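The structure appears right after this line, and notes come after that.
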Amino acid sequence: MSYYRKFKIVIGTPLWRVYLRWAYEKCIDDLSKLNFVPEFNRKNFTCLLCGVGNETTADEFIKFVIAKNKKAEIIIVDIGGEQIEAVKKLIHNKYLFFNIQIKQINALELTKLLRHHSIDWIETDGFLEYFDTNKLNTLLDIWRKILKLDGFITIRETASNSFTGRIVDHIRVWIAKVWLGVTIYIHTKIKLEKMFHNNQLKFVSGPTWLPTFRRYSLIKKERNAKR
Ligand SMILES: C[S@@+](CC[C@H](N)C(=O)[O-])C[C@H]1O[C@@H](n2cnc3c(N)ncnc32)[C@H](O)[C@@H]1O
Numbered sequence: 001m002s003y004y005r006k007f008k009i010v011i012g013t014p015l016w017r018v019y020l021r022w023a024y025e026k027c028i029d030d031l032s033k034l035n036f037v038p039e040f041n042r043k044n045f046t047c048l049l050c051g052v053g054n055e056t057t058a059d060e061f062i063k064f065v066i067a068k069n070k071k072a073e074i075i076i077v078d079i080g081g082e083q084i085e086a087v088k089k090l091i092h093n094k095y096l097f098f099n100i101q102i103k104q105i106n107a108l109e110l111t112k113l114l115r116h117h118s119i120d121w122i123e124t125d126g127f128l129e130y131f132d133t134n135k136l137n138t139l140l141d142i143w144r145k146i147l148k149l150d151g152f153i154t155i156r157e158t159a160s161n162s163f164t165g166r167i168v169d170h171i172r173v174w175i176a177k178v179w180l181g182v183t184i185y186i187h188t189k190i191k192l193e194k195m196f197h198n199n200q201l202k203f204v205s206g207p208t209w210l211p212t213f214r215r216y217s218l219i220k221k222e223r224n225a226k227r
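Below you can see the structure in the form of structure tokens.
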């Protein structure tokens, strides 16, 4: 069974949909703690779902965005072919008349697809752990580049800060390797937050339903500076 099919057992369930709806709302609400109000209704509002995983996530994300702005431009990417094919089928069957672009691409090459300062919102879940420290720094730099000055990012990530958390992390890495056949990397809460800071991103964070998984809402530090 492929990675896509195996992972669908987790992220293709109704419970995953409920979790995502909660996570999107919560992360958007959190932005107010940074004195930031996202303008979903603005003309040319453009958002990126980075590492879609499967069509269930795509469906929830699209529903969430078009409920706020029917004309929003939605870009969905993943490195996996099966993930992209499944999302294309969903769009064809359900969202044909919306402004949605789907692309199979490595997120580390996003600047080949997207212009600098072109994205209002970047969203993903459980994605940063696919990158080692160097590549994660590159990814954060790329996200910063494609994000508008007043753009924002919402993510949920494993960010452990305890001994038990670290044990859970190692078990997760092992399960990912043995069951899913992928290599994921551990980033502790302290390390992750330092990397956000070094990449000029301000953030607010909180817990999620899962023990070592935290939610983050991020904006550019220089948002208030003149262009
Ligand atoms: C945990 S799943 C994503 C779950 C999804 N973000 C959600 O909210 O339900 C991770 C996805 O990231 C994709 N991925 C991993 N490395 C990637 C990369 N370098 N570029 C783009 N996608 C990548 C995988 O193919 C996989 O589909």
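Residue 84 in the UniProt record's numbering sits at position 84 of the sequence shown; the count goes up by one each step and never skips. Backbone N, C-alpha and C fix where the C-beta goes; we use that ideal spot for every residue, glycine too. These numbers were taken from a predicted model, which means no experiment stands behind them.
With 16 as the cutoff for other CB atoms within 10 Å, does residue i come out buried or exposed?
i: S162; result: exposed
i: K226; result: A caution first: K226 carries a pLDDT of 44, below 50, which makes its placement in the model too unreliable to give a value.
i: I11; result: buried
i: F213; result: buried
i: T164; result: exposed
i: K13; result: Before going on, a small fix: residue 13 reads as Thr here, not Lys. Exposed.
i: H187; result: buried
i: V77; result: buried
i: F149; result: Phe is not the amino acid found at residue 149; the sequence shown has Leu there. L149 comes out exposed.
i: S32; result: exposed
i: K70; result: exposed
i: I119; result: buried
i: V52; result: buried
i: M1; result: exposed
i: I9; result: exposed
i: W143; result: buried
Considering only their Cβ atoms, is the gap separating residue j from residue i smaller than 8 Å?
i: I122; j: C27; result: no
i: A86; j: C47; result: no
i: L180; j: F7; result: yes
i: Q101; j: I84; result: no
i: L218; j: F152; result: yes
i: residue 239; j: K189; result: The chain is shown only over 1 to 227; residue 239 falls outside these bounds and no answer can be derived.
i: G80; j: Y24; result: no
i: D132; j: Y216; result: no
i: L20; j: E60; result: yes
i: K221; j: K191; result: no
So does residue i have its beta carbon nearer than 7 Å to some heavy atom of ligand 2?
i: G81; result: Looking for ligand 2 in the displayed structure turns up nothing; the ligands present are ligand 1.
Hey, how far is the Cα of residue i from the Cα of residue j?
i: R5; j: W174; result: 18 Å
i: F97; j: W16; result: 26 Å
i: N35; j: F196; result: 18 Å
i: I91; j: A58; result: 9 Å
i: A107; j: A176; result: 20 Å
i: K135; j: N93; result: 35 Å
i: I74; j: K145; result: 18 Å
i: I155; j: D30; result: 12 Å
i: L113; j: K88; result: 18 Å
i: R223; j: R172; result: 36 Å
i: G206; j: T138; result: 25 Å
i: K43; j: L147; result: 16 Å
i: V99; j: F45; result: The question names Val, yet the displayed sequence has Asn at residue 99. Between N99 and F45, the C-alpha separation is close to 11 Å.
i: P211; j: V178; result: 22 Å
i: V168; j: T158; result: 10 Å
i: N41; j: N198; result: 31 Å
i: R115; j: T208; result: 32 Å
i: H170; j: V182; result: 14 Å
i: V18; j: V204; result: 22 Å
i: E82; j: V37; result: 36 Å
i: E39; j: Y95; result: 23 Å
i: H117; j: Q200; result: 15 Å
Next on the checklist: Closer than 8 Å is the cut-off here; do at least three beta carbon pairs connect the segment 127-136 with the segment 58-74?
Outcome noted: Too few Cβ pairs lie closer than 8 Å, so no.
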